[in-house]
Amino acid sequence: MTLEQIDRALSRLQAAGVASPEADAWHLLSFATGISRGELHAQTIAGRLELSDEVLDRFEEAVSRREQREPLWHITGLAPFLNLELSVGPGVFTPRPETELLAEQARTELELMPPRDGVIQVVDLCAGSGAIGLAIAHASPHAQVLAVEVSPEASDYLRSNVARLAPESVEILIGDVTDALGVRGEGSVDLVVSNPPYLVEGVDELDAETRESDPDIALFADQRGLAVIDTVIAVSSTLLRDGGVVLIEHGIDHAAEVREMLGGSGFARVETMTDLLGRPRFTRAERARR
Ligand SMILES: C[S@@+](CC[C@H](N)C(=O)[O-])C[C@H]1O[C@@H](n2cnc3c(N)ncnc32)[C@H](O)[C@@H]1O
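And the structure:
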């Protein structure tokens, strides 16, 4: 394969309006070949990349699908999240880079928490593909994660990711956020993490690909975007031990309301954290003494 062939794929993606045509072309070539992007770059520049007709056909098919604006990670079937690759597709929310910040904060929290009987109890509410809970399980040998997800379609991906990446340390609960209360006792949890749906249908603008690729149940809450967050806060307030930590992702316009909701629900040291663009992205709080 030559650089011109890759450039041709890139031009097709650009003409189709794909936002990051170059990155996508290399991702698709990596998917078609099974070779990492770094190695592909090196081999292509050195003129050493030789591909079979079968691989070229696979690349052509992948580029055509992307040209039709099928989401990149639905074509490859795997989405990156920190150091993990998660199985994704229709019916499950594709994990986003901004949520990596919440997962990294969760890892930092875990480092500061002394395990109790060798275990740190974590609950991931609205787990989707399992991104946050699995990132935590991978980072800490002490973490025992309960991943709670209501959608049967999303749960298929959750099950497969947990089975592949952390079968010993992540337990799955298919059900509503509130069902976690039947599985973990009051005051028994050290850390709750959540990236719930928080958009308002008809108000928050979405690009066509997000609208197509992510299920409504993963995106939209009520008319204010706060309904699931409200439940997450109430459930966290019961589950967490005194001093336990909750981290909740929310819309960038929701920070003040979320802080207020936490403050009124038994939480202290409430603090909003920003993303790389300085936008309020998620809020951290500690369960106050009962
Ligand atoms: C924005 S996605 C986040 C998925 C994953 N945590 C991530 O960050 O990639 C929200 C997820 O919450 C799930 N969900 C929505 N309402 C729920 C509820 N009441 N109880 C449990 N899960 C819910 C959706 O199905 C979806 O998978």
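Numbering-wise (this note's numbering), the sequence shown opens with residue 10 and increments by one.
All C-beta atoms, glycine included, are put in the ideal place defined by N, C-alpha and C.
Helix, strand or coil at residue i [DSSP, three-state]
i      : result
Glu158 : strand
Thr283 : strand
Thr292 : strand
Val101 : coil
Ser203 : strand
Gly211 : coil
Glu118 : helix
Ala152 : strand
Ile62  : Looking at the sequence shown, residue 62 is not Ile but Asp. It is helical.
Ser246 : helix
Leu91  : coil
Arg278 : strand
Asp239 : helix
Close beta carbons around residue i, own chain, < 7 Å, minus the five adjacent residues each side
i      : result
Trp82  : Ala88, Val97, Thr103
Ser39  : Ser45, Arg46, Leu49
His263 : Tyr207, Gly234, Leu235
Gln52  : Leu58
Ala152 : Leu119, Ile129, Val131, Ile145, Ala146, Ser178
Asp33  : Leu22, Val27, Arg75, Leu81
Neighbour-count burial assignment, residue i, 16 or more Cβ in a 10 Å radius
i      : result
Thr2   : Past the edges of the chain, shown from 10 to 299, lies residue 2, and the structure says nothing about it.
Arg75  : buried
Leu2   : The first residue shown for the chain is 10 and the last is 299, placing residue 2 beyond what the model contains.
Arg296 : buried
Ala18  : buried
Arg299 : exposed
Arg193 : buried
Ala265 : exposed
Val212 : exposed
Leu215 : exposed
Ala112 : buried
Ser61  : exposed
CA nearest to the CA of residue i, picked from the options
i      : options                        : result
Gly253 : Pro124, Ala18, Val27, Val198   : Val198
Ile257 : Ala243, Arg250, Asp251         : Ala243
Ala209 : Leu200, Val72, Arg220          : This sequence places Val at residue 209; Ala is not what is there. The candidate whose alpha carbon is nearest that of Val209 is Arg220.
Glu13  : Ala25, Ile54, Asp33, His36     : Ile54
Pro99  : Gly196, Gly86, Leu111, Glu109  : Gly86
Val307 : Leu285, Asp223, Thr292, His263 : The chain is shown only over 10 to 299; residue 307 falls outside these bounds and no answer can be derived.
Gly260 : Thr281, Glu158, Arg290, Val241 : Arg290
Gly273 : Arg288, Ala112, Ala294         : Ala294
Asp185 : Glu266, Asp62, Asn170, Ser160  : Ser160
Thr108 : Glu120, Pro124, Asp133         : Asp133
Val202 : Glu214, Glu162, Val154, Ala175 : Val154
Asp37  : Gly56, Ala71, Val27            : In the sequence under discussion, the amino acid at residue 37 is Leu, which differs from the Asp named in the question. Nearest of Gly56, Ala71, Val27 to Leu37, Cα basis: Ala71.
Arg125 : Val255, Arg288, Arg250         : Arg250
CB of residue i within 9 Å of CB of residue j, strictly
i      : j      : result
Pro206 : Ala189 : no
Ala115 : Ala136 : no
Leu93  : Leu285 : no
Leu95  : Leu174 : yes
Thr247 : Gly196 : yes
Thr281 : Val267 : yes
Ala24  : Gln77  : no
Arg170 : Ser149 : Looking at the sequence shown, residue 170 is not Arg but Asn. For Asn170 and Ser149, no; Cβs fall outside 9 Å.
Neighbourhood of residue i by C-beta distance below 8 Å, restricted to the same chain and skipping five residues each side
i      : result
Ala230 : Pro205, Pro206, Tyr207, Leu208, Val209, Ala236, Val237, Ile238
His50  : Trp35
Same chain only: Cβ atoms within 6 Å of residue i, ignoring 5 sequence neighbours per side
i      : result
Met122 : Ile129, Asp199
Glu158 : Ala136, Ser164, Leu167
Ala277 : Glu295, Ala297
Phe90  : Pro104, Ala140
Val279 : Arg268, Leu271, Gly272, Ala294
Interface flag, residue i vs chain D, CB-CB below 9 Å
i     : result
Ala25 : Reference to chain D is not applicable here, since this structure consists of a single protein chain.
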